[in-house]
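Going by my numbering, the sequence shown opens with residue 2, and the numbers climb by one from there. Below is one structure; the comments refer to it alone.
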Amino acid sequence: MNRRKLILQIKNGNQEALETIITEMYPQVYAFLYRKMKQNDRAKDITQEVFLKFVENIDQYNEEDKLLNYLFRIGINLANNYYKSLNYLDDRELDESRIIIEEDPHAIVMKKANHDIMMRYISQLSEISREIIILRYYHEMKFKDIADILKIPESTAKSRHRQALMKLEELMKGGVLDERKSEI
């Protein structure tokens with residue numbers, strides 16, 4: 002059966018037609034994402050998401066497009082979104098750690114220790130101060146975006162950022178890591 006008929010049947014809710022498309026296209030989409038991402042589990046997850054997005058947006062599919070190209074575009078967008086996410090940052094840190102370990106084990110231990118110590122200082126800040134510091138320095142967000150996320154005025158985000166930095170400086174000068182959280 003040709004793909005146009007299968008797509009029409011999928012639009013009409015035919016599960017067998019969907020299974021036929023998935024069976025036919027899954028290996029190619031997965032292989033593409035595996036090569037792009039070089040991560041077996043993540044490529045499998047995103048390949049599944051590709052077909053979910055395809056079904057969710059089946060009415061937007063233009064039958065003039067090649068189906069495989071359309072699925073690849075969905076995959077690229079999902080992979081790019083993944084790379085922008087916090088999970089990617091964590092994975093990238095792990096990958097960088099492996100590289101640094103091969104080059105200089107001391108450097109990676111110091112980097113990890115410094116990160117852990119800094120996170121312990123940050124954990125002593127109030128909740129909103131922690132969020133501002135994490136969004137600003139770990140996610141590299143602008144104050145306008147931070148204000149939007151936290152639903153506060155931009156000027157408030159800036160002043161709380163300044164207060165959080167002063168509190169961090171105070172904590173670090175004192176050199177005391179308190180397991181209890183200090184609120185500013």
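Ideal placement from N, C-alpha and C gives every residue a C-beta, glycine not left out. Every value quoted in this text rests on a predicted model; they were computed, and no experiment measured them.
For LEU169, the enclosing alpha helix (DSSP H) has its first and last residue at 155 to 175. Here the alpha carbons of VAL56 and LYS6 stand approximately 15 Å from one another. The straight-line gap separating the alpha-carbon atoms of MET38 and LEU72 is approximately 16 Å.
Contact between ILE123 and ILE133 is absent: CB atoms are separated by about 10 Å, not below the 8 Å threshold.
Following the DSSP letters along the chain, one finds GLU20 inside the alpha helix (DSSP H) bounded by residues 16 to 38. The C-alpha of LEU79 is placed about 11 Å away from the C-alpha of LEU53.
Within its own chain, the residues whose Cβ lies closer than 7 Å to the Cβ of TYR62, once the five positions on either side in sequence are excluded, are ILE8, TYR71, listed in chain order. With 16 or more neighbouring CB atoms inside 10 Å of its own CB, GLY76 falls in the buried class. Cβ neighbours of ARG137 within its own chain (closer than 7 Å, five residues either side excluded): ILE147, HIS162.
Scanning its chain for C-beta atoms nearer than 8 Å, with the 5 sequence neighbours on each side dropped, one finds around LYS45 the residues TYR31, in chain order. When only Cα atoms are considered, THR21 and LEU68 end up about 13 Å apart.
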